[in-house]
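2 protein chains.
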Amino acid sequence: MGMATVTIKDVAKKAGVTVTTVSRVLNNRGYISEATREKVYRAMKELNYQPNEIARSLLRRRTHILGIILPTVAHPFFSELAFFIEYYAYEYGYKVMLCNSQLDQKKEKEYVDMLRGNQVDGIIMASHTLEVDEYLNLKLPLVTFDRQLSQDIPFVSSDNYLGGTLATNLLIDKGCRKIAHICGNLRLNMLANQRNKAFVATAQARKVEYVTIETDLNVFDISQYDKLVLKLFEEHPDVEGVFAGSDVIAASVIKVCHQKGKKIPEEIKVVGYDDVSIASLTTPQLTTIRQPIEEMGKLAVELIHRQINKEKVAVENVLPVTLVERGTT
Amino acid sequence: MGMATVTIKDVAKKAGVTVTTVSRVLNNRGYISEATREKVYRAMKELNYQPNEIARSLLRRRTHILGIILPTVAHPFFSELAFFIEYYAYEYGYKVMLCNSQLDQKKEKEYVDMLRGNQVDGIIMASHTLEVDEYLNLKLPLVTFDRQLSQDIPFVSSDNYLGGTLATNLLIDKGCRKIAHICGNLRLNMLANQRNKAFVATAQARKVEYVTIETDLNVFDISQYDKLVLKLFEEHPDVEGVFAGSDVIAASVIKVCHQKGKKIPEEIKVVGYDDVSIASLTTPQLTTIRQPIEEMGKLAVELIHRQINKEKVAVENVLPVTLVERGTT
DNA sequence: GATTTTGTGTCAAGCGTTTATCATAAGGGG
DNA sequence: CCCCTTATGATAAACGCTTGACACAAAATC
Numbered sequence: 007m008g009m010a011t012v013t014i015k016d017v018a019k020k021a022g023v024t025v026t027t028v029s030r031v032l033n034n035r036g037y038i039s040e041a042t043r044e045k046v047y048r049a050m051k052e053l054n055y056q057p058n059e060i061a062r063s064l065l066r067r068r069t070h071i072l073g074i075i076l077p078t079v080a081h082p083f084f085s086e087l088a089f090f091i092e093y094y095a096y097e098y099g100y101k102v103m104l105c106n107s108q109l110d111q112k113k114e115k116e117y118v119d120m121l122r123g124n125q126v127d128g129i130i131m132a133s134h135t136l137e138v139d140e141y142l143n144l145k146l147p148l149v150t151f152d153r154q155l156s157q158d159i160p161f162v163s164s165d166n167y168l169g170g171t172l173a174t175n176l177l178i179d180k181g182c183r184k185i186a187h188i189c190g191n192l193r194l195n196m197l198a199n200q201r202n203k204a205f206v207a208t209a210q211a212r213k214v215e216y217v218t219i220e221t222d223l224n225v226f227d228i229s230q231y232d233k234l235v236l237k238l239f240e241e242h243p244d245v246e247g248v249f250a251g252s253d254v255i256a257a258s259v260i261k262v263c264h265q266k267g268k269k270i271p272e273e274i275k276v277v278g279y280d281d282v283s284i285a286s287l288t289t290p291q292l293t294t295i296r297q298p299i300e301e302m303g304k305l306a307v308e309l310i311h312r313q314i315n316k317e318k319v320a321v322e323n324v325l326p327v328t329l330v331e332r333g334t335t
Numbered sequence: 007m008g009m010a011t012v013t014i015k016d017v018a019k020k021a022g023v024t025v026t027t028v029s030r031v032l033n034n035r036g037y038i039s040e041a042t043r044e045k046v047y048r049a050m051k052e053l054n055y056q057p058n059e060i061a062r063s064l065l066r067r068r069t070h071i072l073g074i075i076l077p078t079v080a081h082p083f084f085s086e087l088a089f090f091i092e093y094y095a096y097e098y099g100y101k102v103m104l105c106n107s108q109l110d111q112k113k114e115k116e117y118v119d120m121l122r123g124n125q126v127d128g129i130i131m132a133s134h135t136l137e138v139d140e141y142l143n144l145k146l147p148l149v150t151f152d153r154q155l156s157q158d159i160p161f162v163s164s165d166n167y168l169g170g171t172l173a174t175n176l177l178i179d180k181g182c183r184k185i186a187h188i189c190g191n192l193r194l195n196m197l198a199n200q201r202n203k204a205f206v207a208t209a210q211a212r213k214v215e216y217v218t219i220e221t222d223l224n225v226f227d228i229s230q231y232d233k234l235v236l237k238l239f240e241e242h243p244d245v246e247g248v249f250a251g252s253d254v255i256a257a258s259v260i261k262v263c264h265q266k267g268k269k270i271p272e273e274i275k276v277v278g279y280d281d282v283s284i285a286s287l288t289t290p291q292l293t294t295i296r297q298p299i300e301e302m303g304k305l306a307v308e309l310i311h312r313q314i315n316k317e318k319v320a321v322e323n324v325l326p327v328t329l330v331e332r333g334t335t
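Shown next, in the form of structure tokens:
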């Protein structure tokens, strides 16, 4: 029984002080004697009081909520990214609202509006289907993943060109005569497209035959990868090395090779991307380009935080990648 | 130029009506002519107005926010679950606040308090380290995953006992003479412990040698699985079948077997649990017990929603599991 | 032509906080 | 004894919105 919500008034009454005093201890301002502070804390405890953040937010015009929009948290890369973003957000005192756009333009727009309506302090965008100008008049701290929207909006990324170079060179070094790159849709203006640029440039420079396979727009539907990989091997049975756009795709390559009796790494070599935790669970274990997911998530939160506090931030935030050699090359 | 936030007053002024009228069109109540409705919509569009949900929430005492607390969204099972929860939450008009407890009791408590403070409409708990009474006086719609806290708090689960039976019988049917079950820590009062009960009962009934390996409390640190599996094979080199507590653990078993040169499924058979999407990416593909993750997520949201609307809900919500036979048995 | 329905306005309270202002009072230092 | 610091209270406004009460007028209905 008892009223539904206990408010600061109830605490004040119970402690025998005014709401002003309670608010003072709550916010640590003005003079408060140790005795009343104790009384107030005790009353709060007894009533199981929790300050209404909604009311506070309304007044302060600050919610300490961050929105994060990503294609789907069911994809290992984004699930790990989401984990670290939430982790560091929490350290900075922010809560996180999770949005899976599924790369659906309508949904993405609705999420952005929803987050605006909920007065989030900032948005971390890892899903990009909207036109650039949709973001520009957002008047909200924003950080972008793997896409440069303008000269003003900071983004975090890792060195995609280097990643592409590293992967391609490795495949060639290991003796592949014809290599393939399975990558996301190149029409999406993502920085990840740099990987393909590097792939093509490296293959050409080293005079190796190469082919690029582009996925659909909806890149993150894991169950579709197999078909894509199968098609690749049908159309290009002479491919000796595959540079996959993600570890999940690479795992799919390994699986298809196994089904078709192609030995890895003897007949076909594979390098993945991301170094997500499943990369060390495949058989053989996956050679891959490691993105520093934790650092990227941390950095994204920092960049948002600094913007919220009106601090200057760099626009380009590109972290290094590393080659992790395991069993598939 | 341009004040920071545009409010309902600005819209009213721009449209040449009062805030009451704007509010009326916003909430579809009272009489409104098509003409003014249009005027108001146009003004909102021109000003890029988005109603302040914080203010609305304060008044309505309803935020349409759901909290979801799970061990870590970086684990495939929880990442898929989180995806579906968010998906269906969105369909019901809820937003989702994501919390990774990392099975840390302190963090879990802080998250619960934080969610209370933010006036969420309900909490979906998939992480359970707190004492039962911490939840009982929460006075908030709650749904639990895989744990029965009391006779009042609804939970969703899948048929763990059946899952354990199915897996164990399969291993025995396929000829394993000695089988192992790698499971979560049995001290945590989880319904998943039923799997081990079924494992033991089945093994005994069918007179097969068996051994149970318990993980630490912190079950979801993927990198720790290898050591555990290695230890298992050192202590029990004669094990012929492994029933893993999750597909991730099963993948680790496959990997270790490969390293030690034990052939799967010839020498060792493995069955996983969950049927997470990586289960079909291992080599060979994993035989596993499928939990209906989407249905579980959907059901959790429904149960919360019904509670919020003061509808009656069943306490026990146990969904069926199925055996998915692939290449590891 | 009387009545009802429709459309809009005015005003004010309230959601749970914070915060500024002012008032009051006790105790200590000079 | 005066002043300053410390400690608390009383009061009210504000955050952006919804809602109810009431008023008034035009249009539709009988």
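Taken in order, these protein sequences are the chains called L and G. Each residue of the first sequence is one higher than the one before, counting from 7 in my numbering. Each residue of the second sequence is one higher than the one before, counting from 7 in my numbering. Built from N, CA and C at the ideal position, the CB exists for glycine as well.
Chain L has a Cβ within less than 9 Å of the Cβ of G:Q125. Of all residues in the segment 97-111 of chain G, only K101, V102, M103, L104, C105, N106 place a beta-carbon less than 8 Å from a beta-carbon of chain L. Using a CB distance cut-off of 9 Å, L:P290 counts as an interface residue toward chain G.
Taking 8 Å as the cut-off between beta carbons, the residues of the segment 46-59 of chain L near chain G are N54, Q56, P57, N58, E59, in sequence order. The shortest CA-to-CA distance from L:D165 to any of L:K20, L:Q297, L:P271 is the one to L:Q297.
In the three-state reduction of the DSSP assignment, L:V17 falls in the helix class. In terms of CA proximity to L:F151, L:M196 leads the group L:A257, L:L121, L:M196. Comparing alpha carbon positions, the residue from L:S133, L:I255, L:I274 closest to L:H242 is L:I274. Scanning its chain for C-beta atoms nearer than 6 Å, with the 5 sequence neighbours on each side dropped, one finds around L:M50 the residues V17, in chain order. Out of G:T289, G:A211, G:V327, the CA that lies nearest to the CA of L:K266 is found in G:T289. Only exposed fits L:Y37, as fewer than 16 other CB atoms lie within 10 angstroms of its CB.
Looking at the DSSP output, L:L329 shares a beta bridge with L:I295. For L:K101, the three-state secondary structure derived from DSSP is strand.
Look at the segment 18-94 of chain L and you find these whole runs of beta strand (DSSP E), each 3 residues long or longer: 71-76.
When G:V330, G:L329, G:H311, G:V262 are compared, the shortest CA-CA separation from G:P147 is found for G:H311. Assignment of L:K180 by DSSP, reduced to helix, strand and coil, places it in the coil class.
Residue L:D110 holds the alpha-carbon nearest to the alpha-carbon of L:F226 among L:D110, L:L176, L:K304.
A contact is defined here as three or more CB-CB pairs under 8 Å, and the segment 243-259 of chain G fails this definition with respect to the segment 305-320 of chain L.
The beta carbon of G:L234 sits no closer than 9 Å to any beta carbon of chain L.
Taking a beta-carbon distance threshold of 9 Å, G:R201 does not count as an interface residue toward chain L. According to DSSP, L:V248 shares a beta bridge with L:A186, L:V276. The criterion of a C-beta distance shorter than 9 Å is not satisfied by G:L234 and G:T218.
A straight line joining the alpha-carbon of G:Y216 with that of G:D127 spans about 46 Å. Among the residues facing chain L, G:R67 is included, as its CB has a counterpart in that chain under 9 Å away.
Taking 9 Å as the CB threshold, L:F249 stays off the interface with chain G. In this structure L:V102 touches G:L104 by the C-beta definition: roughly 5 Å separates them, less than 8 Å. The continuous beta strand (DSSP E) containing L:F151 extends over residues 148-151. DSSP places L:E140 in the uninterrupted alpha helix (DSSP H) bounded by 138-142. Note on geometry: alpha-carbon atoms of L:T26 and L:N33 lie some 10 Å from one another. The Cβ neighbour count for G:K112, taken over all protein chains shown within 10 Å, is under 16; the residue is labelled exposed. Cα atoms of G:T208 and L:K237: separation of roughly 44 Å, rounded to the nearest angstrom.
Around the beta carbon of G:A95, a 10 Å sphere encloses 16 or more other beta carbons of the protein chains shown; the residue is thus reported as buried. The beta carbon of L:K45 sits closer than 8 Å to the beta carbons of A21, G22, V23 from its chain, once the five residues preceding and following it are set aside; these are given in chain order. It is roughly 17 Å from the alpha-carbon of G:I60 to the alpha-carbon of L:T13. Taking a beta-carbon distance threshold of 9 Å, G:N143 counts as an interface residue toward chain L.
Check the Cα spacing between G:A204 and each of G:S29, G:A88, G:V162, G:N175: the tightest is with G:N175.
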